[in-house]
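Chemist: Once you've had a glance at the structure underneath, I'll fire off some questions.
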Amino acid sequence: MINAYAAFEPGGALQPFEYDPGPLDAHDVEIAVEYCGICHSDLSMLHNHWGITRYPFVPGHEVIGTIAAKGEDVTHLSVGQRAGLGWHAGYCMTCHSCLTGDHNLCAASESTIVGRHGGFADKVRAKAVSVIAIPDDIPANSAGPLFCGGITVFNPLLQLALRRRRTSR
Ligand SMILES: [Zn+2]
Ligand SMILES: [Zn+2]
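Under our numbering, the letters of the sequence shown match residues 316 to 484, in that order.
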């Protein structure tokens, strides 16, 4: 069983909530959550502002933890390894976006807190392809936002090859 915090209605207070995630899929990992950030999208989902929230709703998509279990087809992560999980919890892996490295644009991507239970819990599950190994020397208590707000800002800087502007004196 997974012990989480869930809202049971739009805008409801988070309360202890236990659920059975079922057998671990061959392509999934289970992360033992160490820390989880909070993002405004958690609040939008909590209040069902986008009309896609299912209750009980477990927020949390800036997860830092360690791999607690992995499915038999998972090869790039090992049990005990530190890893993070952001907004996406799975990709189709067959569309053009997935096959060219733009998984974030996959039209069939799964979201960690849409139709799934998120990281405000002792454990969370996701497709292993959406789970990122992180170095041990990154502080676990502050790394969470790298998986949502952080990458959202950093990625366009990289994509657009923005450089520091030289100042003339
Ligand atoms: Zn977010
Ligand atoms: Zn895809």
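Here a beta-carbon is modelled for each residue, glycine too, at the ideal position from N, C-alpha and C.
Grab me the residues of A321's own chain with a C-beta within less than 7 Å of its C-beta, minus the 5 sequence neighbours each way, in chain order.
Modeler: For the purposes of this step, residue 321 is taken as residue 6 along the sequence shown, with counting starting at 1. Contacts found: L329, Q330, F332, P371, F372 and V373.
Chemist: Per DSSP, which residues does D343 bridge with? Please list them.
Modeler: Taking the first residue of the sequence shown as position 1, residue 343 is located at position 28. The partner list for D343 (beta bridge, DSSP) reads K442.
Chemist: In three-state terms, what does DSSP make of F469?
Modeler: Position 154 of the sequence shown, counted from the first residue, corresponds to residue 469. Note: F469 maps to helix in three-state DSSP.
Chemist: Could you tell me which of G327, D340, G380 and L475 sits nearest to F462, measuring between CA atoms?
Modeler: Residue mapping note: residue 462 aligns to position 147 of the sequence shown, counting from 1. Looking at the Cα atoms, G380 is the closest of the given residues.
Chemist: Following a CB-centred definition, is M408 positioned closer than 8 Å to any heavy atom of ligand 2?
Modeler: Translated into positions along the sequence shown, residue 408 becomes position 93. The answer is yes for M408.
Chemist: By Cβ distance below 6 Å, which residues in the same chain neighbour N318 in space, the five residues on each side in sequence not counted?
Modeler: For the purposes of this step, residue 318 is taken as the residue at position 3 of the sequence shown. Excluding positions up to five away in sequence, the list reads E333 and D437.
Chemist: Could you pull the start and end residues of the alpha helix (DSSP H) that L358 belongs to?
Modeler: Residue 358 sits at position 43 when you count from the first residue of the sequence shown. Start and end: H355 to L361.
Chemist: Give the residues whose C-beta lies closer than 5 Å to at least one heavy atom of ligand 1, in chain order.
Modeler: Answer in sequence order: C354, S356 and C463.
Chemist: Pick helix, strand or coil for H376, following the three-state DSSP scheme.
Modeler: Along the sequence shown, read from residue 1 onward, the residue named residue 376 stands at position 61. H376 falls in the coil class under three-state DSSP.
Chemist: Does the segment 440 to 457 come into contact with the segment 338 to 349, if we say contact requires no fewer than three beta-carbon pairs (one atom in each stretch) closer than 8 Å?
Modeler: Touching, yes, given that three or more Cβ pairs across the two stretches are closer than 8 Å.
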